[in-house]
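Chemist:
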Amino acid sequence: MAPVGARSLGVLLVAVLGLTSGAELSFTLEPSDIIAVQEQPLMLPCQVDGVPPITTQWRRNGKPLPEDHSYTMLPNGSLLIGHFQRTKSDGSSDEGDYECVAQNAFGLLLSRKARVQAATMAEFHVQPQSVHAEEAGVGRFQCQIHGLPEPIISWEKDGRPVDTEDDRYTLLPTGVLQITGLHPEDSGLFCCVAHNSAGVKRSATARLSISGTQSSVYKEPMIVVGPENLTLTVHQTAILECVATGYPRPIVSWSRLDGRPIGVEGIQVLGTGNLMISDVGVQHSGVYVCAANKPGTRVRRTAQGRLVVQAPAEFIQPPQSIARPVGTTAIFTCLAQGEPLPQLTWLKNGQVLEPGGHVKLRNNNSTLTIYGISQEDEAIYQCIAENSAGSSQASARLTVLWADGLPGAPCLLHAAAVSPTTIRLSWQRPQQGTQDIIGYVVHIRRTMDPVEMEYQEAVGKGTLQQVVSDLEPSTSYTFYVKAYTSRGASKPSESVVASTQGEAPAPPSLLTRVLNSTAVQAVWEPSGKLGQQGGFKLFYRKVQSAAFSGPLTFARNVTQYNITQLESALVYEVKLLAFNQHGDGNATVRFVSLKEPAETSAPDAPCECAREESAKTSSTAIVIGIHIGVTCIIFCVLFLIFGYRGRLAMCKTLQDRLAAPRSSRSVPADPPPASSGSHGALAANSDGGGKARGDVSELERLFPRTCQGGSVSASRPLDESQVSTLSLDEFSLEPEGETQFQEVPEDGRLSEG
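Residue 79 in the numbering used here sits at position 79 of the sequence shown; the count goes up by one each step and never skips.
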């Protein structure tokens, strides 16, 4: 909640930010990594923007450059090294990590690090080897040499440059020469030539000799050289080599192991199967598979190599300059991406910022929080993002707002608990500067929480107290108060700590599970509000009993208990409550049935009052059939005697009516399926009094009433195989007039109309 007068304070902040937005010190041009040539001049650029006067200096490997005539500082801040030397007479070197340092009245700023290395050319660490091959086969030479910058490789044959116009000759930038479809005239001496800004070097020579004639004998495809694992930086070129032999010549194809398409942009095939990816990006990282297929068949050989593409750190969200009043909180956020994930470091005026006290770094150093800022915290803060592919820096300035005449800190802050969820605070006005106070802000946090989880409540200037509500019972809280004017906030008052009152725990969750016909398991979850003196009380009783058995008392860490030696085929009520030093909480109640599964689920035996009638069914079914047949014959005769039409329809109607008692006999409703856990649960009064309507409905659902006062209620018709018994004497005919039939009563008997 914003404090009273926050709008006035916000206007003030906007005005201050507007005045200082052009005063931030920043780099418009920074040095970058460079490879220098021995005894040649080298310039490292650095241009700074900001409020003058601005001083610029340079550091190498974190230390100021020594005073040396070979270093010249240009007026724009750039550094000129007149004669670069890898090793000087005093043993020092111009190589190293260079940083440009800029400073003005607002703070100090460091540029990104620029690595300066001397151009070098080492000896060949892989020399070409002589090759003996068959005509129409494949010849391959390789050489490798380290150098800065990366040497450019070319090849000579018999002292002359190799003819790269011939499609059979493939020269890879990695220093590999491939010759396919060899001819006798390809024989000769081959030499590798490497050159960069440090010079030129030639390798030893290797001979290519060719024998025999082109063979037409089938040869299995074979990969002579497959792709190597590569680690590159974005925008470099990846060369994945694949040389295959066989007869007929195998077809070389490429794919990614993860199934993603390789694409076409920047993709090129060199020679007979080498893959070149220009200007690689992070999306090109993956495992590449080279396959050599025999034409027209599925015979193939494969080789694979992993390409890892690294990306220098770059900022997604750089920190932003802010202005904050004294005593408030300043937060800087810095988010960077790269491959691998960059590490973040914070600097304050060029010095590494160590967290501690009122300075906190969180979220992998992406968030810098400064609590209770003072004049000493005003500085330029930098976020340095760095990984193995490079580094970047972004800066922001913290302006601390301070105005004369700010009020003093509120005095005599007092806190007292009112209830389990409220605490009343009271304080006195500051001893000076009270005339411009527009309100107070109460700062609140749980004592166990970190400072950043603090929240505030605003109070008008006309009152010196506040009731803080919605707190947690039995919890310690820390409070302090600030006085606000339109120019800013006072220093905080002394902090006070107070605890809310305790309360009885909430009803625990309770589940029940039938173990057997005489045992029930009760399982519950412990409550987080029990306290050290808390625990649980368990009661149980037969539903028809007036008194509970118990209580059984359990410690706060106990979560289950088996209730044994119960009576089978009965329904029990189980009640559980939690207690602590403040009393007993409300109870949770569950009803559990111990009826046997066959007894509760058999549809043909709902209760004792229907078993006798069900037993008669099978023994009298034939008699019922005879009665129905005789009745039909009688009515057919009556139809002929009296000549009434439609008696045939009446016969069918009578059959339907006589069959009706089958659906009105005692048949139980389908019982609910038995649960593997609790047989049901509903809340009830702990004194066994009247229950809510929903409770009774649930109890009826769990335990269907099949007998009530000797009468039986039917909830579904009988199956076709079930027939009720009916005596022929139970109906009569009126010869003069049409016989009328009444509705079948609940006892299943027909009476004369």
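Built from N, CA and C at the ideal position, the CB exists for glycine as well.
Report, in whole angstroms, the separation of the C-beta atoms of ILE81 and PRO31, which I expect to be a contact under 8 Å.
Modeler: Contact doesn't hold; Cβ gap of about 12 Å is too wide.
Chemist: Taking the DSSP output, what are the residues bridged to ILE152?
Modeler: HIS195.
Chemist: For ASN387, which residues does DSSP report across the bridge?
Modeler: ASN387 is bridged to GLY390.
Chemist: Three or more C-beta pairs under 8 Å: does that hold for the stretch 125 to 139 against the stretch 406 to 418?
Modeler: Touching, no.
Chemist: Between the Cα of GLU165 and the Cα atoms of LEU232, GLY271 and GLN501, which residue gives the shortest distance?
Modeler: For GLU165, the nearest C-alpha among the options comes from GLY271.
Chemist: If VAL282 sits next to VAL234, beta carbons under 8 Å apart, how far is it from one beta carbon to the other, in whole angstroms?
Modeler: That pair is a contact at about 7 Å.
Chemist: Which residues in the same chain have their Cβ closer than 6 Å to the Cβ of GLN359, if we skip the five residues on either side of it in sequence?
Modeler: Before going on, a small fix: residue 359 reads as Val here, not Gln. Cβ within range, chain order: ILE370.
Chemist: How would you write the range of the beta strand (DSSP E) that SER476 sits in, first residue to last?
Modeler: Segment 476 to 485, the beta strand (DSSP E) holding SER476.
Chemist: Should LYS294 go down as buried or exposed, given a rule of 16 or more other Cβ atoms within 10 Å for buried?
Modeler: That one is buried.
Chemist: What is the DSSP secondary structure of ASP186, reduced to helix, strand or coil?
Modeler: Correct three-state label for ASP186: helix.
Chemist: Could you tell me whether the stretch 99 to 114 touches the stretch 376 to 390, using the rule of 3 or more Cβ pairs below 8 Å?
Modeler: These segments touch.
Chemist: Starting from ALA522 and walking both ways along the beta strand (DSSP E), at which residues does that stretch end?
Modeler: 519 to 524 is the extent of the beta strand (DSSP E) around ALA522.
Chemist: Kindly indicate the opening and closing residues of the beta strand (DSSP E) around LEU425.
Modeler: First-last of the beta strand (DSSP E) with LEU425: 422 to 428.
Chemist: Can you check DSSP and say which residues form a bridge with THR302?
Modeler: Beta-bridge pairing links THR302 to ALA291.
Chemist: Out of curiosity, what's the CA-to-CA distance linking MET448 and PRO319?
Modeler: Cα to Cα, the separation comes out at about 30 Å.
Chemist: Considering only residues of the same chain and omitting the five flanking positions on each side of SER419, which have a CB-CB separation below 7 Å?
Modeler: Cβ neighbours of SER419 beyond the five flanking positions: GLN501.
Chemist: Taking only the alpha-carbon atoms, compute the straight-line gap between VAL308 and THR478 and give it to the nearest angstrom.
Modeler: Their Cα atoms are separated by approximately 52 Å.
Chemist: Looking only at its own chain, which residues have a Cβ that is under 8 Å from the Cβ of PRO551, when we skip the five neighbours before and after it?
Modeler: These residues qualify, in order along the chain: LYS537, LEU538 and PHE539.
Chemist: Leaving out the 5 sequence neighbours to the left and right, which residues in its chain are closer than 8 Å to GLU525 when beta-carbon positions are compared?
Modeler: Here the set comprises PRO508, SER509 and THR559.
Chemist: So, for LYS482: in the same chain, excluding its five sequence neighbours on each side, which residues have a beta-carbon less than 8 Å away from its beta-carbon?
Modeler: So the qualifying residues of the chain are GLY327, ALA409, PRO410, TYR440, VAL441, HIS443, ALA489, SER490, LYS491, PRO492 and SER493.
Chemist: Enumerate in chain order the residues of its own chain whose CB-to-CB distance from THR170 is below 7 Å, with the five nearest sequence positions on each side excluded.
Modeler: Cβ within range, chain order: GLN178, LEU270, GLY271 and ASN274.
Chemist: In whole angstroms, what separates the C-alpha of ARG298 from that of VAL243?
Modeler: Roughly 19 Å between the two C-alpha positions.
Chemist: Taking the alpha carbon of ALA311 as the point to measure from, which residue in THR422, VAL280 and GLN304 has its own alpha carbon closest?
Modeler: Of the listed residues, the one whose Cα sits closest to ALA311 is VAL280.
Chemist: Give me the Cα-Cα distance between ARG590 and LEU511, rounded to the nearest whole angstrom.
Modeler: Roughly 8 Å between the two C-alpha positions.
Chemist: Quick check: what's the CA-CA separation for GLU386 versus GLU314?
Modeler: Cα to Cα, GLU386 sits roughly 9 Å from GLU314.
Chemist: Three or more beta-carbon pairs under 8 Å between the stretch 255 to 263 and the stretch 284 to 293, yes or no?
Modeler: Verdict: yes, contact present.
Chemist: Assuming contact is defined by CB atoms lying nearer than 9 Å, are GLY585 and PRO505 in contact in what I supplied?
Modeler: Against a cut-off of 9 Å, the Cβ pair of PRO505 and GLY585 comes out as a contact.
Chemist: May I ask which residues mark the beginning and end of the beta strand (DSSP E) holding LYS769?
Modeler: Any answer about residue 769 is impossible in this case: the structure gives the chain only from 1 up to 753.
Chemist: Can you tell me which residues form a DSSP beta bridge with VAL225?
Modeler: Paired residues: VAL243.
Chemist: At which residue ranges does the stretch 153 to 178 contain complete beta strand (DSSP E) runs of 3 or more residues, listed in the order of the chain?
Modeler: Correct list: 169 to 172.
Chemist: Let's test the definition: count the other Cβ atoms within 10 Å of the Cβ of MET453 and tell me whether it reaches 16, buried, or not, exposed.
Modeler: Result: exposed.
Chemist: Specify the secondary structure class of GLN740 as computed by DSSP and reduced to three states.
Modeler: Any reading at GLN740 must be qualified, since the residue scores a pLDDT of 38, below 50, and its modelled position is unreliable; the value itself is stated next. Of the three classes helix, strand and coil, the one that applies to GLN740 here is coil, per DSSP.
Chemist: Classify ALA522 as buried or exposed, calling it buried when 16 or more other Cβ atoms lie within 10 Å of its own Cβ.
Modeler: Flag for ALA522 reads buried.
Chemist: Under 8 Å: do the stretch 53 to 72 and the stretch 133 to 145 share three or more Cβ pairs, one atom per stretch?
Modeler: No, they do not touch.
Chemist: I need the DSSP call for THR231, collapsed to helix, strand or coil.
Modeler: Residue state, collapsed to three classes: strand.
Chemist: Report all residues from its chain with a CB closer than 8 Å to the CB of TRP427; omit the five preceding and five following residues, and keep chain order.
Modeler: The answer, listed in chain order, is PRO410, CYS411, LEU412, LEU413, HIS414, TYR440, LEU464, GLN465, VAL481 and SER493.
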